[in-house]
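The listed protein sequences correspond, in order, to chains P and U. Note that this note's numbering has the first sequence beginning at 1, numbered continuously upward. Note that this note's numbering has the second sequence beginning at 483, numbered continuously upward. Where is the CB? At the ideal position from N, CA and C, for every residue including glycine. Source: prediction; values computed, not measured. All remarks here apply to the structure that follows.
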Amino acid sequence: MCRRFAGLACVLLLLSLPAEAARVAESLVRIQATSQDPNYRAPWSAGEVAGGVGAGFIIAGNRIMTNAHVVSNARFLAVSKEGDPKPYPARVFHIAHDCDLALLTVDNPNFFTNTAALHFGGIPAIESTVSVYGYPIGGDRLSVTRGIVSRIDFQTYTHSGVDSHLAVQIDAAINPGNSGGPVLQEGKVVGVAFQGYSGDVAQNVGYMIPTPVIQRFLKDVEDGHYDRYMDLTIAYHPLHNPAMRRALGLTDGDSGVFVGSVYGGGVSEGRLRPGDVLLAIDGLPIASDGTVTMDGAPVEMAEVVERKFKGEKVDFKVLRDGKEIIVTIPLTHAWPFSLQAQAYNEKPRFVVFGGLVFQPVDANFMAEHNPDDLRLHFYFDNFISRNIYREREEIVVLSNVLADPVNAYASEFRYEIVDKINGKKIQRIDDVAAAFKTPADYYVIDMVGKGRPLVLERKAVEEARDRITARYQVTSHENLQK
Amino acid sequence: MRISAAFLWLVLAVPVVVRGEAALPREPLTAVGSVSSSSLVRVNSTNQAFDFFRPWTKKAPFLRRGLGVVLQGGQILVTAELVANRTYVELEKAGSGEKSPAEIVVVDYDCNLALLRPTDLTFLKEAKPVSLDSGASVGDKASILQLESNGLIADTPGVITTITVAGYPLDHLALLTYRISAPLQNREGSFTIPAIRDGRLLGLLMRYDSRTQTADVIAAPVISHFLDDAKLATYPGFPRAGLVFAATRDPQFRRYIGLKEDGVYITEIRPGSAAEKSGLRKGDVILAVGGKPVDPDGNYEEPGIGKIPFSHITNTLAHVGDTVNFSILREGKRETIPVTLTSVRDEQSISDAYEFDRQPRYLILGGVVFRELSRAYLQEWGGNWMKDAPQRLVYLDAFQNELPPDRGKIVFLSQVFPTPNTLGYENLEHLVVTKVNGVPIKSLDDLAKAAKSTKDGFLKIEFDEDPSFIYLDASDNEKSRTQLMQDYGIPALENLEPITK
């Protein structure tokens, strides 16, 4: 089997890389994931079970590297090696949703016998050739495709949908099942295949996670815990406009970017201000398009922060009110208001009261419900950009009405945002649970922008509780834990 | 929640259906058109709208054709939609094809009606005027009249299935509507089609759904209101109270507010409206309007029609300046609040619901284009504008009543022409302006004024979102005016004509 595979690969790789293919066969892992995606429409139910296939590869320390999206929401993982018929149960060791990487481990030590760990290389040069290994469209046998490096730049990682990191675009075919597979050049891993476009959007465009992102992940988890990427939580803009430069006290050079917004709850709050001009980061001069020169190449200024870890700091040279000052920003914690990111391995949080289902709004909720409500969409889309998070930590909505006499007139309030219950401001779903546990004759629910409250009588709700539980098989009336 | 007055454009599907009231004491009248083509006149209107993305230019002209109804006094009634943004309107006799230019007597986009007259007063000498029939009931038959190309009448019989108060297509006002079920065929001139009974006018079609074969018709009582007002020296426009209410069917809600009677709960008072001036408040329960008891859904019994929303009383039966008594329950006590109705035209809106027959206001400073928010601007994104237009602006338009009453107009940076002055600003668009050189901006006039006083030669333009501000060089703005106009073919860098309705 092993020989047959190697022969096949040789044909494909035209004898140039026989050593590479043989080595990959000892490292490549086929991952069969059984996942259970939570049901945000019936949040008390366990969710639907689905299966999927992805790739992974063995790295030093008997670990298997793959994409986070291959093993997200997994309930059971089985891994198998080329040439070994036996699937082995595996488990997630570390997972990083913000950079779509995961490390798996296999408890059975036999799994790692006759395997070889792959080692990492650097960033491949533009136009150099790379090979992609994996199990595209789910086949049992290794597949390899080859292409060149087309582009290296920042890309949105679609797994979370909000994080952007360095990514390498290659023109080798990358299809579902390639995910998590290694991309090799001269026997070293230069990336992890992770996303691409469907053929009707763009042809021959696939992306891999390059080694700086991989190495950062491996370093972050060295302490046994993944701390996520650090973020300055500011918006900054190029400073090309001559009037803008003069007004801010800059010469007609080409340095500096302009801070447009500083987000609350982030590490820069109270340290940077809108209107500040950032001249240098950690001593590296910032060009007016927001790039700095690292390792001889211009890269986004954000790359400096990308490479840092929790507990480290960044020094900015800032021009403020015509004076140059140094501002030090300790990278102490990750930005807390990530509701626009797709979340995984989380249980939906909810409260059911009188057949009314209350849920906090996040990307998962919006994807599942896709409500047609203008205000809700606005609050969700602008939660950060319009500072809505300063007013409420979470957007809590009446997400569904389990029809019952107690809520016969509540349907018009569906997808409205809960503002107050019995006069108490609702900051998060926990506040809803607490409000309904506080004894009162009437529960008066004020919605944002609604001229009249939704009113429930305690007595009516209590009478309805068992009825609703039985009729809708609501197995639990609240979950406040992610 | 049922919405009586404000923002009905959102909820066209809501109005109450009065099908249940079809049990009428009399036989439905037989539908005999008995209107000859001499009572009808073709109206050809060449219209040309401003391009809301390039407000210094107009779009290509286009022709709309409709069928006007000749009224007493030689005037012709058509829908306002037919003549919106008109550049030239002509009348054409059905049989002979003889033509005459026409002028507008009154146009009112709120009720979607317009009155025309021929410039040649002898043109309609032989025409037979038609009078109004305001007595239609559900179940009555009607004739919908179109003209064949040879000038003969095409008469499609139909039945009035519903009479209700519904949103009119050009504006947010809700007025009496007849819904007629009739299998209409497509003829040219569909922008005004009369509905007739026994030789008298029931109304004018304002929309037709060919799938369900239902026509929505501007009802005779609305036309009658319009014609009465058109006789006045100054046309006052339609009145409304300016409030939004919710039904009070929910027993738990009724017990919570201690309500034992029928009525509706006021959820919103439109800023600057007649309701606000009269002292009506959010939370008041309306028990009766003009002496007519209101049910928990907001309907009252109109003789001959049945149950319809009470806004028919305030918006159509009454005229601007009339006082209508609202019987209300406030904190458990009955009170009567007289509401003196004001015109929809006099209400100050932050974002206007429509803009016809006038050039949109704009101001260009050094290549940066500033506008005032209006729904017409958003509708330039097409039929799906509520999803496709910039969501921030759609939101501000939709929820403008929640903004502070002194908010003024919403001035925003709509686009940037790339010039040496705007280098680096090319991608800015749809940013709401808050201040210029520290002065709050509540209109384009504020902006024009603030732009004249510079600070160290700069204009600091502040936005309420990222990026918080930009600077422009005032002297560069001045110097670049001619170049900008030449390069981009802009005839004028501003239109600050005040809006008159």
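Per the Cβ contact rule, the stretch 102 to 111 of chain P is not in contact with the stretch 343 to 360 of chain P (fewer than 3 Cβ pairs under 8 Å). The beta-carbon of Pro371/P is placed no less than 8 Å from the nearest beta-carbon of chain U. Counting along the chain, the unbroken alpha helix (DSSP H) around Lys219/P starts and ends at 211 to 220.
Val726/U has a beta carbon lying within less than 8 Å of a beta carbon in chain P.
Interface flag for Arg731/U against chain P is set, since a Cβ pair is found closer than 8 Å.
Within the same chain, Cβ atoms closer than 7 Å to the Cβ of Asp362/P are found at Leu339, Ala343, the five residues on either side in sequence being excluded. Fewer than three pairs of CB atoms, one per stretch, sit closer than 8 Å, so the stretch 592 to 605 of chain U makes no contact with the stretch 626 to 636 of chain U. In its chain, beyond the 5 residues on either side, Pro922, Ile923, Glu944, Phe945, Asp946 have a beta carbon closer than 8 Å to the beta carbon of Thr916/U. Contact annotation for Tyr409/P against chain U: Ala729, Arg731, Asp732, Pro733, Gln734, Phe735 [CB-CB distance below 9 Å, chain order]. Taking a beta-carbon distance threshold of 8 Å, Met301/P does not count as an interface residue toward chain U. Three or more pairs of CB atoms, one per stretch, sit closer than 8 Å, so the stretch 540 to 553 of chain U contacts the stretch 514 to 530 of chain U. Counting only unbroken stretches of 4 or more residues, the alpha helix (DSSP H) elements lying wholly within the stretch 266 to 353 of chain P are 302 to 306, in sequence order.
Apart from sequence neighbours up to five positions away, the residues of its chain that approach Asp282/P with a beta-carbon distance below 7 Å are Val304, Val314, Asp315, ordered along the chain.
Under the Cβ criterion of 8 Å, Tyr415/P is not counted among the residues facing chain U.
Using a CB distance below 8 Å, the part of the stretch 212 to 241 of chain P facing chain U consists of Ala235, His237, Pro238, Leu239, His240, Asn241, ordered along the chain.
Scanning Leu762/U, Leu929/U, Asn919/U, Ala930/U for the CA closest to the CA of Asp938/U turns up Asn919/U. The beta carbon of Ala701/U does not come within 8 Å of any beta carbon belonging to chain P, so the residue lies off that interface. Per the DSSP secondary-structure output, Val612/U pairs with nothing in a beta bridge. Taking CB atoms only, Tyr907/U has a neighbour in chain P less than 8 Å away. Against chain P, a Cβ distance below 8 Å from Met868/U picks out Leu374. Between the beta-carbon of Leu855/U and that of Ile892/U there is about 4 Å, and that keeps the pair under the 8 Å contact cut. Annotation: the stretch 392 to 442 of chain P contains the following complete segments of the alpha helix (DSSP H) (minimum length 4 residues), in chain order: 429 to 437.
According to the DSSP secondary-structure assignment, Val647/U is paired through a beta bridge with Leu658/U. Ranking Lys759/U, Arg840/U, Asp777/U by CA distance to the CA of Pro820/U puts Lys759/U first. Burial check for Gln830/U: the Cβ neighbour count within 10 Å stays below 16, so the residue is exposed. Ranked by Cα distance from Leu885/U, the first of Ser833/U, Thr936/U, Thr901/U, Phe727/U is Ser833/U. In chain order, Asp870 place their CB closer than 7 Å to the CB of Gly864/U, counting only its own chain and leaving out the 5 sequence neighbours on each side. With distances taken between CA atoms, Trp44/P lies nearest to Leu402/P out of Leu250/P, Arg428/P, Leu402/P. Across the set Val726/U, Leu975/U, Ala618/U, the C-alpha of Val726/U shows the shortest separation from the C-alpha of Thr749/U. In the DSSP assignment, Leu926/U falls within the unbroken alpha helix (DSSP H) covering 926 to 932.
With the criterion set as a beta carbon lying under 8 Å from some beta carbon of chain U, the members of the stretch 255 to 285 of chain P are Phe258, Gly260, Ser261, Pro274, Gly275, in sequence order. Annotation: the continuous beta strand (DSSP E) that includes Met65/P extends over 63 to 66. The DSSP-derived three-state label of Ile795/U is helix.
Put simply, the CB of Ser385/P is near chain U, with a gap under 8 Å to one of its CB atoms. Contact between the stretch 614 to 625 of chain U and the stretch 672 to 679 of chain U is present: 3 or more CB-CB pairs across the two stretches fall below 8 Å. Any Cβ of chain P closer than 8 Å to the Cβ of Glu884/U would place that residue at the interface, and such an atom is present.
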